[in-house]
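> Mapping of the sequence shown onto my numbering: residues 382 to 772, in sequence order. Ideal placement from N, C-alpha and C gives every residue a C-beta, glycine not left out. No experiment lies behind these values; they were computed from the predicted model shown.
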Amino acid sequence: MITNFHNTFIKVKDILVVLFLPIFFTLLFGYVYSNTYVERIPFAILDLDESPSSRMIIDQFSEHKGMDVIGTVSTQDELKDLILSNQIYGGLVIPDHFDEDIKAKQSPDLLVLMDGTNLVIGNNLHAYTTTIINTLGVGVQMSILEGGSIVPYNAEQYLTALSFTSRMLYDPQMGYFLYVFAGILGILIQQTYLSVLSSRLLESKNELAQNPYQSSIGFPNTPLLQSILRLLCLSTVSFFLCLLFANKVYGYPLRGDTLSLFVLVVLFLIDVTAMGILITSFFDDEAHCAQFCMFLSVPTFLTSGYIWPEFMMAPHFASIIKSIWPLYYFVNPLRGLCMKNASFSDILPYLIGSAMFAAVWLTLSILLFRYRIRLMRKTKSDNLDICKNQL
382 MITNFHNTFI KVKDILVVLF LPIFFTLLFG YVYSNTYVER IPFAILDLDE
432 SPSSRMIIDQ FSEHKGMDVI GTVSTQDELK DLILSNQIYG GLVIPDHFDE
482 DIKAKQSPDL LVLMDGTNLV IGNNLHAYTT TIINTLGVGV QMSILEGGSI
532 VPYNAEQYLT ALSFTSRMLY DPQMGYFLYV FAGILGILIQ QTYLSVLSSR
582 LLESKNELAQ NPYQSSIGFP NTPLLQSILR LLCLSTVSFF LCLLFANKVY
632 GYPLRGDTLS LFVLVVLFLI DVTAMGILIT SFFDDEAHCA QFCMFLSVPT
682 FLTSGYIWPE FMMAPHFASI IKSIWPLYYF VNPLRGLCMK NASFSDILPY
732 LIGSAMFAAV WLTLSILLFR YRIRLMRKTK SDNLDICKNQ L
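1. With C-beta atoms as the reference, is L400 less than 7 angstroms away from S678?
2. If you follow the beta strand (DSSP E) that V474 is part of, which residue opens it and which one closes it?
3. Can you tell me whether L540 is helix, strand or coil according to DSSP?
4. Could you name the residues of the same chain whose beta carbon sits closer than 7 angstroms to that of H507, not counting the 5 residues immediately before and after it, in chain order?
5. When DSSP builds the beta bridges, which residues end up paired with F424?
6. Can you give the Cα-Cα distance for R755 and C768, rounded to whole angstroms?
7. To the nearest angstrom, how far is the alpha carbon of H478 from that of D430?
8. Out of M693, M757 and S434, state which residue places its alpha-carbon closest to the alpha-carbon of S585.
9. Closest to F684 by C-alpha separation, out of L613, P707, A668 and T453, would be which residue?
10. Skipping 5 residues on each side, what residues in its chain have a beta carbon closer than 6 angstroms to that of V561?
11. Can you round the beta-carbon distance between Y509 and M437 to whole angstroms, since I take them to be within the 8 angstroms contact cut?
12. For Y470, tell me which candidate among R421, L650 and I688 has the shortest Cα-Cα distance.
13. If we cut at 7 angstroms on Cβ distances, does V398 have a partner in chain D?
14. With C-beta atoms as the reference, is L612 less than 7 angstroms away from V577?
15. Per DSSP, which one or two residues make a beta bridge with M495?
16. Which runs of the beta strand (DSSP E) at least 3 residues long sit entirely within the region 706 to 732? Give them in chain order.
17. Using a Cβ distance threshold of 8 angstroms, determine whether the region 406 to 417 contacts the region 556 to 576, with at least three qualifying pairs required.
18. Whose C-alpha, out of I609, Y687, N592 and L465, is nearest the C-alpha of V581?
19. Relative to the alpha-carbon of D665, which residue among L583, T511, A563 and G564 has its alpha-carbon at the smallest distance?
20. Could you pull out every residue in the same chain whose Cβ sits closer than 6 angstroms to the Cβ of L743, ignoring the five residues on either side in sequence?
21. Using three-state DSSP, classify N587 as helix, strand or coil.
22. L589 to T573, Cα distance in whole Å?
23. Tell me the DSSP secondary structure of M757 in three-state form.
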């Protein structure tokens, strides 16, 4: 009775963690990053000139939807203090004699201060201020040219002698959720699967070590294999449900074909299975093993080539990371499939790398797992012999 209840509880717990926890966090993170654009960034202005030209600039900044001009300040130190206290994330300093310098064609400088500790806010604020100031600069130059007896059409031609058109592919809105979701989903699937898998592996290892008469040591072991296959299926279903919820609720694109996604996630879960077997070979205490698995989430994500691209890493560092942890082979092609509609041939190098990773590490992990069980059995047998001799 107690054993049946325990087994039922374990199965329900596995379903809750592996199947529903990634869905919950998908909805949570999607809600947090639901705003497509980074807008209404708190901003302040220091106007040392107080001229018609400076007031025109203030109006342009106040009307821009990317910034929320909370008001003006009287000193540059006050502006810096507001940035330091996170009341604003940027500020504009209009120098004294600004209007006079424009009329004298002396090219006065505007100073823009931005909080660089937040990459997302800093980049967007830089883009907004650059657009406004460049637009104002073109207008001032046209006024100067027209003031020199040049007709407006010719003045415009002088200023647009070189033009270009830019097109942002795949994500023209440059939404933050679209950028981070594939990486977050990879970590959610990895950590939930690994946490439950390691618990099942430790239980199986301890049971096998306590039973010296069982002929099958480690793998293949039917109950353990069934447990792993059940977790793998649950995690695969959870993966597709997360993508579905992200698409229906938050508009995350699903441009890749289902077969490519299926092969990608199954290979990744096999890779994580290999690493789970390896990790549990070194641990006997479940709490310590769980702590180590939780520790892996941040370093594996930051070194996966998703946030910081592979070509920017130190020489040979990416090769080392790809050889010891499989997240690289999952999150990067996942982004390509969902965002770019990459074909199966486009992600084939990642799939080959993932398959090779599984072939090597699964073999080594199983051998080490079996060796640890033999060692535990031998240690137990030696302890029993010592006790018998003492008696």
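By the coordinates alone:
1. Here residue 400 is taken as the residue at index 19 of the sequence shown, counted from 1. Here residue 678 is taken as the residue at index 297 of the sequence shown, counted from 1. No; because the gap between Cβ atoms is not below 7 angstroms, this pair is not in contact.
2. On the sequence shown, residue 474 is found 93 positions in, with the first residue counted as 1. Where V474 is concerned, the enclosing beta strand (DSSP E) stretches over G471 to I475.
3. Translated into the one-based positions of the sequence shown, residue 540 becomes position 159. With a pLDDT of only 46 at L540, under 50, the local geometry of the prediction cannot be trusted, and the value read off the model is given with reservation. In this structure, L540 counts as helix in the three-state DSSP scheme.
4. To locate residue 507, count along the sequence shown from 1; it is residue 126. Scanning its chain for C-beta atoms nearer than 7 angstroms, with the 5 sequence neighbours on each side dropped, one finds around H507 the residues M495, in chain order.
5. Locating residue 424 in the sequence shown gives position 43, counting from the first residue. Partner(s): V450.
6. If you number the sequence shown from 1, residue 755 lands on position 374. If you number the sequence shown from 1, residue 768 lands on position 387. Using only the alpha carbons, I get a separation of about 20 angstroms.
7. Along the sequence shown, read from residue 1 onward, the residue named residue 478 stands at position 97. Along the sequence shown, read from residue 1 onward, the residue named residue 430 stands at position 49. In a straight line, the C-alpha of H478 is about 6 angstroms away from that of D430.
8. The residue labelled residue 585 in the question sits at position 204 within the sequence shown. Checking every option, the nearest Cα to that of S585 belongs to M757.
9. Position 303 of the sequence shown, counting from 1, holds the residue named residue 684. Note on residue identity: the sequence assigns Thr, not Phe, to residue 684. Of the listed residues, the one whose Cα sits closest to T684 is P707.
10. To locate residue 561, count along the sequence shown from 1; it is residue 180. Residues of the same chain with a CB within less than 6 angstroms of the CB of V561, apart from the 5 flanking positions on each side, do not exist.
11. Along the sequence shown, one-based indexing puts residue 509 at 128. Along the sequence shown, one-based indexing puts residue 437 at 56. 17 angstroms between Cβ atoms; not a contact.
12. Position 89 of the sequence shown, counted from the start, is the residue given in the question as residue 470. Taking only the C-alpha atoms, the option nearest Y470 is R421.
13. No chain D appears in this structure, which consists of one protein chain only.
14. By 1-based counting over the sequence shown, the position of residue 612 is 231. By 1-based counting over the sequence shown, the position of residue 577 is 196. Yes, the pair counts as a contact, with Cβ atoms nearer than the cut-off.
15. On the sequence shown, position 114 is the one that residue 495 refers to. Answer is G471, bridged to M495.
16. none
17. yes
18. Counting from one through the sequence shown, the residue named residue 581 turns up at place 200. One detail in the question is off: residue 581 reads as Arg in this sequence, not Val. Of I609, Y687, N592 and L465, the smallest CA-CA separation from R581 is found for I609.
19. In the sequence shown, residue 665 corresponds to position 284, counting from 1. It is L583 whose Cα lies nearest to the Cα of D665.
20. Along the sequence shown, read from residue 1 onward, the residue named residue 743 stands at position 362. Result list for L743: A655, in chain order.
21. Residue 587 sits at position 206 when you count from the first residue of the sequence shown. DSSP places N587 within a helical segment (H, G or I) once states are collapsed to three.
22. As a first step, residue 589 is located in the sequence shown; it is residue number 208 there, counting from the start. As a first step, residue 573 is located in the sequence shown; it is residue number 192 there, counting from the start. Spanning the two alpha carbons is a distance of roughly 25 angstroms.
23. Along the sequence shown, one-based indexing puts residue 757 at 376. M757 falls in the helix class under three-state DSSP.
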